[in-house]
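>
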Amino acid sequence: MTDTQFDGTQVLDLVADLLPVLLPDAELDPAGPIVKLYWSRGGLTSSAEVGLIELVDRCREQPNHLWPRTVDDWLRAVVAEIGIATDEHLYGDVVVRQRATLRPQGWSTGQDSLLAGLAVPFGRYFEIVFGLQSGADWHRLTQVRRVMHGLHLPGRPSGLELTLEGLADLTFQPIEGAPWSVLSRSGDATVGMALVDHERIMPTAGKGRGTLLAVPSTDLFAICPVDRREDMQARADSFARWVAKTHADADDPCSTGVYWLVGDLLAELSVDLDHSPAVTLPKALRSSAWRRWRKS
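Under our numbering, the first residue of the sequence shown carries the number 206, and numbering increases by one thereafter.
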């Protein structure tokens, strides 16, 4: 028995068969391959070109008999995106409402969506996920809807730039009775993005022995200073327990991790709240070996 070589044109043939049913105003351009979409919003007609590489690659990973269902589901998802994109315009200019949020690495792949979201890795532990602010809500942006809104066109401001600009007025506030402080804005899923801009927001955090930090919820960013005069084990354990509780109580949780920022390095510390000590500290934070470690 020999394997049948994948033929992407068969997928495009299925798209051509289903388009008149699901998207009667759309046109297939096999050379792209793209689908040219046309839809009306009020008295205005909009259009967009949506690439089919994502769909073709999805079918490449499946046996042939699943392709018709996959193509049908994908095109129906595109139809739904047209409705979502239309509704998003009700809240005003889509371009200026682009916002990004910080999520744990792998968050996007866990979303129940046939369409790829717009996300990029940030270091080893996080990813930046792009979306749109609609009223008080943040909605994940798919690659398809990004094109529908024309956000991919040259000259458009990026969601990353707009997000970081929106954090400029935040200042760290101390937590009563604790040595750490937080940036927070209730319900604002962009606050965790402060980690991305840490060189501006806290330019000295990575110097010396560094800083412990956490993003337990998307609307909160916490930093805990490293102080060689204090018992760092007790401080780190207390910080980790607070992070875990804040994460558990959050409406939109992000990460339970406790991270150490030193120089340009961001490292996740091992945490086990069922044991004592709860946080496994690197030797440099546990002893006077710091200076020798820095020189080595």
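No residue lacks a Cβ here, since even glycine has one placed at the ideal position from N, Cα and C.
Using the C-alpha atoms, what's the distance from residue 459 back to residue 483?
Here the question's residue 483 lines up with position 278 in the sequence shown. Here the question's residue 459 lines up with position 254 in the sequence shown. Taking the straight line from one Cα to the other gives about 20 Å.
> Return the residue from the list 410, 489, 225 that minimises the CA-CA distance to residue 386.
The sequence position of residue 386 within the sequence shown is 181, counting from 1. The residue with the shortest Cα to Cα distance from residue 386 is 410.
> Taking residue 479 as the reference, which of 452, 445, 390 has the closest Cα?
Within the sequence shown, numbered from 1, the residue matching residue 479 stands at position 274. Cα-wise, what sits closest to residue 479 is 445.
> Rounded to whole angstroms, what is the Cα-Cα separation between residue 258 and residue 238?
Here residue 258 is taken as the residue at index 53 of the sequence shown, counted from 1. Here residue 238 is taken as the residue at index 33 of the sequence shown, counted from 1. Roughly 7 Å separates the two Cα atoms.
> At a threshold of 7 Å, does residue 354 count as lining the ligand GDP (C-beta to nearest heavy atom)?
In the structure on display, the ligand GDP does not appear, and there are no ligands present to speak of.
> So what does DSSP say about residue 444, is it helix, strand or coil?
In the sequence shown, the residue the question calls residue 444 occupies position 239. If DSSP states are grouped into helix, strand and coil, residue 444 belongs with the helices.
> According to DSSP, is residue 243 part of a helix, a strand, or is it coil?
On the sequence shown, residue 243 is found 38 positions in, with the first residue counted as 1. Residue 243: strand per DSSP, three-state reduction.
> Could you tell me if residue 286 is buried or exposed, where buried requires 16 or more neighbouring beta carbons within 10 angstroms of its beta carbon?
Mapped onto the sequence shown, residue 286 falls at position 81. Answer is buried; the Cβ neighbour count reaches 16.
> Cα separation between residue 261 and residue 216?
One-based indexing of the sequence shown puts residue 261 at position 56. One-based indexing of the sequence shown puts residue 216 at position 11. The straight-line gap from Cα to Cα measures roughly 6 Å.
> So, is residue 293 buried or exposed, given that buried needs 16 or more other C-beta atoms within 10 angstroms?
The residue you call residue 293 lines up with position 88 of the sequence shown. Counting Cβ neighbours within 10 Å, residue 293 comes out buried, since at least 16 surround it.
> Cα separation between residue 449 and residue 420?
Translated into the one-based positions of the sequence shown, residue 449 becomes position 244. Translated into the one-based positions of the sequence shown, residue 420 becomes position 215. Going from the Cα of residue 449 to the Cα of residue 420 covers about 10 Å.
> Tell me where the alpha helix (DSSP H) around residue 404 begins and ends.
Locating residue 404 in the sequence shown gives position 199, where the first residue counts as 1. Per DSSP, residue 404 belongs to the alpha helix (DSSP H) from 403-406.
> Whole angstroms are fine: how far does the CA of residue 307 sit from the CA of residue 470?
On the sequence shown, residue 470 is found 265 positions in, with the first residue counted as 1. On the sequence shown, residue 307 is found 102 positions in, with the first residue counted as 1. Their backbone Cα atoms lie some 18 Å apart in a straight line.
> Leaving aside the five residues before and after residue 312 along the sequence, list all residues of the same chain whose C-beta is less than 7 Å from its C-beta, in chain order.
Along the sequence shown, read from residue 1 onward, the residue named residue 312 stands at position 107. 332, 334.
> Around the Cβ of residue 351, are there at least 16 other Cβ atoms within 10 angstroms (buried) or fewer (exposed)?
On the sequence shown, residue 351 is found 146 positions in, with the first residue counted as 1. Classification for residue 351: buried.
> Does residue 322 come out as helix, strand or coil in the three-state DSSP assignment?
One-based indexing of the sequence shown puts residue 322 at position 117. Residue 322 falls in the strand class under three-state DSSP.
> Between the alpha carbons of residue 180 and residue 489, how many angstroms are there, rounded?
Outside the modelled stretch of the chain, which goes from 206 to 501, sits residue 180, for which no answer is possible.
> Where does residue 423 land, buried or exposed, given buried means 16+ other C-beta within 10 angstroms?
Within the sequence shown, numbered from 1, the residue matching residue 423 stands at position 218. Result: buried.
> Keeping to the same chain, check which residues put their C-beta closer than 7 Å to that of residue 462; ignore five residues upstream and five downstream.
Here residue 462 refers to the residue found at position 257 when the sequence shown is read from its first residue. Result list for residue 462: 330, 419, 473, in chain order.
> Does DSSP put residue 359 in a helix, in a strand, or in coil?
Position 154 of the sequence shown, counted from the first residue, corresponds to residue 359. In this structure, residue 359 counts as coil in the three-state DSSP scheme.
> Return helix, strand or coil for residue 449, following the three-state DSSP convention.
Here residue 449 refers to the residue found at position 244 of the sequence shown. Three-state DSSP puts residue 449 in a helix.
> Are the beta-carbon atoms belonging to residue 271 and residue 228 less than 8 Å from one another?
Taking the first residue of the sequence shown as 1, we reach residue 271 at position 66. Taking the first residue of the sequence shown as 1, we reach residue 228 at position 23. For residue 271 and residue 228, no; Cβs fall outside 8 Å.
> Tell me, to the nearest whole angstrom, how far the beta carbon of residue 337 is from that of residue 304; I am working on the premise that it is less than 8 Å.
Numbered from its first residue, the sequence shown carries residue 337 at position 132. Numbered from its first residue, the sequence shown carries residue 304 at position 99. Indeed, because the Cβ distance is near 7 Å, the residues count as touching under 8 Å.
> Does the distance from the C-beta atom of residue 276 to that of residue 220 stay below 8 Å?
As a first step, residue 276 must be located in the sequence shown, where it is residue number 71. As a first step, residue 220 must be located in the sequence shown, where it is residue number 15. For residue 276 and residue 220, yes; Cβs fall inside 8 Å.
> What is the DSSP secondary structure of residue 277, reduced to helix, strand or coil?
For the purposes of this step, residue 277 is taken as residue 72 along the sequence shown, with counting starting at 1. Correct three-state label for residue 277: helix.
> Within the continuous beta strand (DSSP E) that includes residue 308, where are the two ends?
Translated into positions along the sequence shown, residue 308 becomes position 103. Start and end: 303-309.
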